[in-house]
Amino acid sequence: MTLIDNEIQSNLLRYIKQTKTIKQISNLTKITSGWENEVYSFTAEYDNRREGLILRIYPGDHAEWKSAREFNGIKRLYEVGFPVPKVHTLEHDLSIFGKPFIIMEKINGREGWKVIDKSYGKERDRLINQFCQIFANLHDLDWRLIHPDPLPFDENDPYGFINFLMQKIQGYVDQFPDAKVLMPVFDWLMDRRNNVPCRRLSVVHMDYHPANLILKDNGDAIIIDWTNIDVGDFRMDLAWTMLLVSSYGNPEGRDIVLNEYEKIIGHKIEQIGYFEVFALLRRLFSIFVSLTIGADKLGMRPEAIENMKKNIKHIKTLCNLLHQKTGISIPEMENLIEEIKHSILRLLSEGKITIEEAEELLDAMPNNNGLHIGQDIFGNKPPKHRHSGGPQDFNFDFHFPWDEPGWKWPWEQEGWHWPWEMIHQSQEEHEINTEITHNILDGTNFVIKSADGNLNIQGWDNEDTIKINSFSEEVSSEISDDQQTVYLNSEDADVSVMIPLRVSSMQISGEDVNINISNIRSDISLKIDDGNANMSGIEGKIFVSIDDGNLAMNGVNSKEIAVKANDGQVALNMSPPVNEGTYNLKVDDGRILLSLPSDCACQITANVEDGAIRHNLSHVQAEILESEGILNASLNGGGANFALSAEDGEIVIEAVTAFGN
């Protein structure tokens, strides 16, 4: 338990003992996973029994109003028999936690989304029906029993609600001027508001999704998280749910929920598309304000920002859905996505996060339909063997280069060998804490062999000199008689090397080392056994062979790359202005994460063994083969040619807003 959790438990115990019936509390556990409230579960111990309870703490602006709205809403729903937890306490005394809070019954059971995710056939259909039936029952309640206070609009005016809603949105935009970038969506809604009169008002949940449905052991369902309970047009509530299940899962989830809901109420729902656009505006507004101004301004937890950044794919899906439904694009949202993506890849290139962490944050990169890789609607897995790569009727004749007779990787070609495999006898020892310099000519080749240490190589503006700094006597260096080759050998040492532009090529061999290379224009050949390499700002050709290690390239602008990895992982972020090139990637028992600039028209071949393909390609000349893997493919256009194959491995590829085939 953290210091903060200890403080929460101490203050909670001090408060709860005032009831004089609860003697002790235990098992305090933080269970928050959403954007808004801080949620804890704990056990209250009485003289002769124990009870599970939930503590909900409300951060941010308007916390008192939000906590009161949720408490009173749940209390009234409980009183009319709707399946909600029983609430016990509403407290606005800030001396306890510095924020308002409520205490309610803890519902023991399983999260609905996880249960539906594992279900199939009739059981799955029953669960979806149960989910939608409760939703329809909510909307059928007499809203006056739940909201006895006067409404802020004329309930008898069919346009009263929608006009109030638009005024409310305008107020938010006025409060947060930076959010005016979303005004085209607001204008789209304003122009069509007369098409959506409200036929009846309903109680709305405004965050109804399977994760807020708890299934008890007897099959009964309880609905939780009523922070946004209100009165409004039920279509607004339904559209929000449709957006959540489609943007976090398969787009088919939208139609599954809508069709089931319509079947339950017995008629089609008019103008639902209008409210889907409203749902997109609401979601994008929350994300944009939180990331540019602060989540607390919208009454959310500060951690909500990190949660949003971890759902980059979700944000991209929202933008794509908005464009599909309205034709509207929001460049500022696209810029935010790119900033988040590049910050993640920068952390990866700096070695501050692992490739697994980067892959999790990027969530296999956003695709244009919101599909979680390997996950069907409500989590049903697609068949293992699928084929995609463009429209279903798109045919072409293409073979992998390595399937062609005589095709070899550079290091497999006859007569080709790594420079460090040649015998080089003469080396000069240098003392500890000394600086080694070599004056060089144009076209100099730099050969490095390093073991058990750290090697940092970066370009500098001196045109004539290679400078080597080390604090170890296990470092040797020399230059050939013709000043065309510099040799460096280090063992169990930290070495820093400054490279001028005159160096035309580098060959580096490392064993059990960490290598960082930055701002280099020369060609690079790199071989690593049991180590890690980070490259950034590389403009020359790159050849890499890595065994039991990780390779990260960020901001790379190279027209030719060949990577061969065994039990290794490769992350490659190509940066503009690359628009053509040849990239050969081959991984055995590892993963590839590849990010391309929007105008890339590159030839890419990638082969992975021991994993599953994960990427997003469509409307692009590509052939995608697999073995024992799951394939899902989509892409916003593309001018690149791809050839991909995998056996029990993973390939993650993005080519965003590209144009071409």
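If you want our numbering, it's the position in the sequence shown, counting the first as 1, plus 60. Positions of the beta carbon are idealized from the N, C-alpha and C atoms, including for glycine.
So the beta strand (DSSP E) residue i belongs to, where does it begin and stop?
{"i": "V263", "result": "261-264"}
{"i": "D572", "result": "563-578"}
{"i": "I283", "result": "281-283"}
{"i": "N380", "result": "Here N380 belongs to no beta strand (DSSP E); instead the alpha helix (DSSP H) covers 372-386."}
{"i": "A622", "result": "620-626"}
{"i": "F603", "result": "602-607"}
{"i": "N594", "result": "592-596"}
{"i": "L586", "result": "583-589"}
{"i": "V245", "result": "Careful: V245 lies outside any beta strand (DSSP E), inside the alpha helix (DSSP H) at 243-251."}
{"i": "N549", "result": "545-551"}
{"i": "K646", "result": "642-648"}
{"i": "S537", "result": "535-539"}
{"i": "I390", "result": "Per DSSP, I390 belongs to no beta strand (DSSP E) and is neither H nor E."}
{"i": "H327", "result": "From DSSP, H327 is part of no beta strand (DSSP E); its letter is neither H nor E."}
{"i": "G615", "result": "610-616"}
{"i": "D14", "result": "Outside the shown range of the chain, which is 61 to 721, sits residue 14, and nothing can be said about it."}
{"i": "H148", "result": "147-151"}
Hey, quick one: how far does the alpha helix (DSSP H) through residue i stretch, first residue to last?
{"i": "I289", "result": "Here I289 belongs to no alpha helix (DSSP H), and DSSP marks it neither H nor E."}
{"i": "D200", "result": "181-200"}
{"i": "K228", "result": "220-235"}
{"i": "F213", "result": "No alpha helix (DSSP H) holds F213; DSSP gives it neither H nor E."}
{"i": "L351", "result": "332-352"}
{"i": "K174", "result": "172-177"}
{"i": "I206", "result": "203-206"}
Check residue i in the structure and name its three-state DSSP category.
{"i": "S306", "result": "helix"}
{"i": "S694", "result": "With a pLDDT of only 34 at S694, under the threshold of 50, the placement of this residue in the model should not be trusted; the figure read from the coordinates follows. S694 falls in the coil class under three-state DSSP."}
{"i": "Y268", "result": "coil"}
{"i": "N138", "result": "The residue you asked about is not Asn; residue 138 is Tyr in the sequence shown. Helix, per DSSP."}
{"i": "I274", "result": "strand"}
{"i": "G513", "result": "strand"}
{"i": "S157", "result": "The amino acid at residue 157 is misidentified as Ser; the sequence shows Phe. Of the three classes helix, strand and coil, the one that applies to F157 here is coil, per DSSP."}
{"i": "S523", "result": "Contrary to the premise, residue 523 reads as Glu rather than Ser in this sequence. Reduced to three states, the DSSP call for E523 is coil."}
{"i": "A631", "result": "strand"}
{"i": "T497", "result": "strand"}
{"i": "T414", "result": "coil"}
{"i": "E320", "result": "helix"}
{"i": "H402", "result": "helix"}
{"i": "E165", "result": "strand"}
{"i": "K83", "result": "coil"}
{"i": "S530", "result": "strand"}
{"i": "D315", "result": "helix"}
{"i": "G133", "result": "helix"}
{"i": "E67", "result": "helix"}
{"i": "D217", "result": "coil"}
{"i": "D293", "result": "strand"}
{"i": "Q518", "result": "strand"}
Just to confirm my understanding: we take residue i, look at its own chain, exclude 5 residues before and 5 after, and list those with CB closer than 7 Å. What are they?
{"i": "I156", "result": "N71, Y75"}
{"i": "L137", "result": "V144, I206"}
{"i": "E46", "result": "Since the first residue of the chain shown is 61 and the last is 721, residue 46 is not available in this structure."}
{"i": "R191", "result": "The sequence as given places Phe at residue 191; Arg does not occur at that position. Closer than 7 Å at Cβ, skipping near neighbours: G172, P270, L273."}
{"i": "G387", "result": "none"}
Using a Cβ-Cβ cut-off of 8 Å (strictly less than) and excluding sequence neighbours within five positions of residue i, which residues of its own chain qualify?
{"i": "I222", "result": "R253, V256, P257, C258, D293"}
{"i": "D113", "result": "With the sequence shown as reference, residue 113 is identified as Leu, and Asp is not the correct amino acid for it. Within the same chain, L113 has close Cβ partners S101, F102, T103, A104, H148, I163, M164, E165, K166."}
{"i": "I6", "result": "The structure shown does not extend to residue 6, since the chain spans only 61 to 721, so no value can be given for it."}
{"i": "R110", "result": "T103, A104"}
{"i": "A339", "result": "M296, A299, W300, M302, L303"}
{"i": "R562", "result": "I500, L501, D502, G503, T504, E523, D524"}
{"i": "K601", "result": "D583, I584, S618, K619, E620, I621"}
Residues in the same chain with beta-carbon distance under 6 Å from residue i, minus the five sequence neighbours each way, listed in chain order, please.
{"i": "N514", "result": "D554, N574"}
{"i": "Q69", "result": "L88"}
{"i": "N592", "result": "N574, G609, N610"}
| task | Pair every Cβ in the region 235-252 with every Cβ in the region 165-174, then say whether three or more of these pairs are closer than 8 Å. | result | The region 235-252 is not in contact with the region 165-174.
| field | Those runs of the alpha helix (DSSP H) which lie wholly inside the region 90-123 and span at least 4 residues | value | If we require 4 residues or more, the region 90-123 turns out to have no alpha helix (DSSP H) run fully inside it.
| Validate contact between the region 270-281 and the region 314-324 using beta carbons, cut 8 Å, 3 pairs | The region 270-281 is not in contact with the region 314-324.
| task | Pair every Cβ in the region 260-269 with every Cβ in the region 378-386, then say whether three or more of these pairs are closer than 8 Å. | result | These segments do not touch.
| query | So does the region 598-610 actually touch the region 537-553, counting three or more Cβ pairs closer than 8 Å? | reply | Result no; under three Cβ-Cβ pairs closer than 8 Å.
| message | Any contact between the region 317-332 and the region 168-183? By contact I mean 3 or more CB pairs, one from each, below 8 Å. | response | Touching, no, given that fewer than three Cβ pairs across the two stretches are closer than 8 Å.
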